[in-house]
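Trainee: Before I ask anything, here is the structure I am working with.
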Amino acid sequence: IPHTSMATVDISHIKINKVPAETELHDVMSGASRWDVSIHEHGSVSLVDVMPRLAPVGQTADFAIVQAARVSYGAGTKKVSEDTGLIRYLLRHQHTTPFEMVEFKFHCVMPMFIARQWIRHRTANVNEYSARYSVVKDRFYHPSIAEVRKQSTLNRQGGDEVMDEQTAAEFLEYLDATEAHYAKYELLLNKGVSRELARIGLPVSCYTEW
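Read in order, the letters of the sequence shown are residues 85 to 294 in our numbering.
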């Protein structure tokens, strides 16, 4: 059978039945285009969309989880209280496939060093802002003196105690020096240096997004 593009296939003869909802539905995002939470100076996490977007009145998108689970044994929709019990059962016994029936779409803005740690434990599909195609924005993560901490003796990946004020101030001066590279970055772009090369001199305190 020769390959045929779907764009050329005539489906006008196929009858599609639009089945009305059995109960009244509501938008689980309450009609909002997005829900935003600001983090620090430039960061944010925004809920952009949910699947399913419509749920029976009085329920959340969780209904899609139990709906999928009950397909396996042919049972219909049950009470919300029974739904809660079923979800707990699925979690307890690690039956995770039904949970894939619910999806969330986020727009996140964060420093590059946070993004790298986040993506290390990836459980999502992401499409990151590309500094090869676009100019990096003049945004940097800059902690306060109180947020500069000593290296933890128990956790190699983190800090614990607050650093003394003099050393913390020295650290912030160090950040100021790295952020000054942005002016050079812009200058080199204006002189024609490719974006994919000009970006490599920027610090990981720059913000990225996906």
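Idealized CB from N, CA, C, for every residue including glycine.
Rounded to whole angstroms, what is the Cα-Cα separation between Leu259 and Val219?
Mentor: So the alpha carbons of these two residues sit roughly 21 Å apart.
Trainee: Give a yes or no on whether the C-beta atoms belonging to Trp294 and Asn211 are separated by under 7 Å.
Mentor: In contact: Trp294 and Asn211 (Cβ atoms closer than 7 Å).
Trainee: For Ile123 and Val93, what's the separation of their Cα atoms in angstroms?
Mentor: Distance between the alpha carbons of Ile123 and Val93: 48 Å.
Trainee: Under three-state DSSP, which class holds Ile123?
Mentor: In the structure shown, Ile123 sits in a strand (DSSP, three-state: E or B).
Trainee: I need the DSSP call for Lys268, collapsed to helix, strand or coil.
Mentor: It is helical.
Trainee: How about Gly127 and Met194: are their beta carbons less than 7 Å apart?
Mentor: The answer is yes: Cβ separation under 7 Å.
Trainee: Counting only the same chain and skipping the five closest in sequence on each side, list residues whose C-beta sits under 8 Å from that of Arg216.
Mentor: Cβ neighbours of Arg216 beyond the five flanking positions: Arg279, Glu280 and Arg283.
Trainee: When you compare the CB positions of Phe191 and Val141, do they come within less than 7 Å of one another, or not?
Mentor: According to the sequence displayed, residue 191 carries His and not Phe. For His191 and Val141, no; Cβs fall outside 7 Å.
Trainee: With a 10 Å radius around its C-beta and 16 neighbouring C-beta atoms as the bar for buried, classify Ala148 as buried or exposed.
Mentor: Looking at its Cβ environment, which holds 16 or more other Cβ atoms inside 10 Å, Ala148 is buried.
Trainee: Do Val112 and Ala139 have their C-beta atoms closer together than 7 Å?
Mentor: Against a cut-off of 7 Å, the Cβ pair of Ala139 and Val112 comes out as a contact.
Trainee: I'd like to check one pair, Ile229 with Ala261: are the Cβ atoms closer than 7 Å?
Mentor: Not closer than 7 Å, so no.
Trainee: Along the beta strand (DSSP E) that carries Gln235, what are the first and last residues, could you check?
Mentor: First-last of the beta strand (DSSP E) with Gln235: Arg233 to Gln235.
Trainee: Which same chain residues end up closer than 8 Å to Val134 when comparing Cβ atoms and leaving out the 5 residues on each side of it in sequence?
Mentor: Closer than 8 Å at Cβ, skipping near neighbours: Val112, Met113, Ala145, Val186, Glu187, Phe188 and Lys189.
Trainee: Taking all protein chains shown into account, decide if Ala116 is buried (16 or more other Cβ within 10 angstroms of its Cβ) or exposed.
Mentor: Ala116 should be labelled exposed.
Trainee: Where does Glu243 fall in DSSP's three states?
Mentor: Sequence check: residue 243 is Gly here, not Glu. Here Gly243 sits in strand by DSSP.
Trainee: Just verifying my parser: in three-state terms, what is the DSSP assignment at Met135?
Mentor: The answer is strand: DSSP assigns Met135 an E or B state.
Trainee: So what does DSSP say about Tyr173, is it helix, strand or coil?
Mentor: Reduced to three states, the DSSP call for Tyr173 is helix.
Trainee: Using CA coordinates, which residue listed in Asp167, Val129 and Leu131 is at the minimum distance from Gln143?
Mentor: It is Asp167.
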